[in-house]
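Student: Residue 107 is where the sequence shown ends in numbering that gives the first Met the number 0, and the numbering goes up by one at each step. No residue lacks a Cβ here, since even glycine has one placed at the ideal position from N, Cα and C. Just passing along the structure, written as structure tokens.
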Amino acid sequence: MISRKTEAGLRRAYELMRERAGHQHWWPGETPFEVCVGAILTQNTAWTNVERAIANLKTARAMEPKKLFALPEAKLAELIRPAGYFNVKARRLRSFLRVLIGEFGGDL
């Protein structure tokens, strides 16, 4: 766990860099939520496989926090299968969603 002082310093460094360079738009994703899902799914796999998994989630109309969390873990794993390690990643997504929904009402 990082100290409040370190956290404040990191936040300030980010603010200064963003102020100077602007938003870099380097991570693909149509929404901030999609960026988060992509970041979890891209671990140990190629981005093209993540794109296929995200396409599956969109086809299932589940690319919203509460809808994604409502999926049974086995169904979620099936949809993200192209990203590899799908059982592990399904658990990681659900952990992220549990916090996002439970503590923040699904609002990033």
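Beta-carbon separation of alanine 52 and leucine 70 under 8 Å?
Tutor: In the sequence shown, the residue the question calls residue 52 occupies position 53. In the sequence shown, the residue the question calls residue 70 occupies position 71. Contact flag unset, no.
Student: In whole angstroms, what is the alpha-carbon distance linking aspartate 106 and lysine 57?
Tutor: For the purposes of this step, residue 106 is taken as residue 107 along the sequence shown, with counting starting at 1. For the purposes of this step, residue 57 is taken as residue 58 along the sequence shown, with counting starting at 1. Distance between the alpha carbons of aspartate 106 and lysine 57 is about 19 Å.
Student: Count the CB pairs spanning the segment 61-68 and the segment 13-22 that are closer than 8 Å, and state whether there are at least three.
Tutor: The answer is no - the segment 13-22 does not touch the segment 61-68, with fewer than three Cβ pairs under 8 Å.
Student: Can you tell me the Cα-Cα spacing of phenylalanine 103 and valine 36, whole angstroms?
Tutor: As a first step, residue 103 is located in the sequence shown; it is residue number 104 there, counting from the start. As a first step, residue 36 is located in the sequence shown; it is residue number 37 there, counting from the start. The straight-line gap from Cα to Cα measures roughly 16 Å.
Student: Please state whether DSSP places leucine 56 in a helix, a strand or coil.
Tutor: As a first step, residue 56 must be located in the sequence shown, where it is residue number 57. Reduced to three states, the DSSP call for leucine 56 is helix.
Student: Which same chain residues end up closer than 6 Å to threonine 41 when comparing Cβ atoms and leaving out the 5 residues on each side of it in sequence?
Tutor: By 1-based counting over the sequence shown, the position of residue 41 is 42. The residues are Val49.
Student: Taking only the alpha-carbon atoms, compute the straight-line gap between threonine 44 and leucine 99 and give it to the nearest angstrom.
Tutor: The sequence position of residue 44 within the sequence shown is 45, counting from 1. The sequence position of residue 99 within the sequence shown is 100, counting from 1. Straight-line Cα distance between these residues: approximately 24 Å.
Student: Can you tell me the Cα-Cα spacing of arginine 93 and alanine 82, whole angstroms?
Tutor: Here residue 93 is taken as the residue at index 94 of the sequence shown, counted from 1. Here residue 82 is taken as the residue at index 83 of the sequence shown, counted from 1. Rounded to the nearest angstrom, the two C-alpha atoms are 15 Å apart.
Student: Is glutamate 6 helix, strand or coil by DSSP?
Tutor: Indexing the sequence shown from 1 puts residue 6 at position 7. Correct three-state label for glutamate 6: helix.
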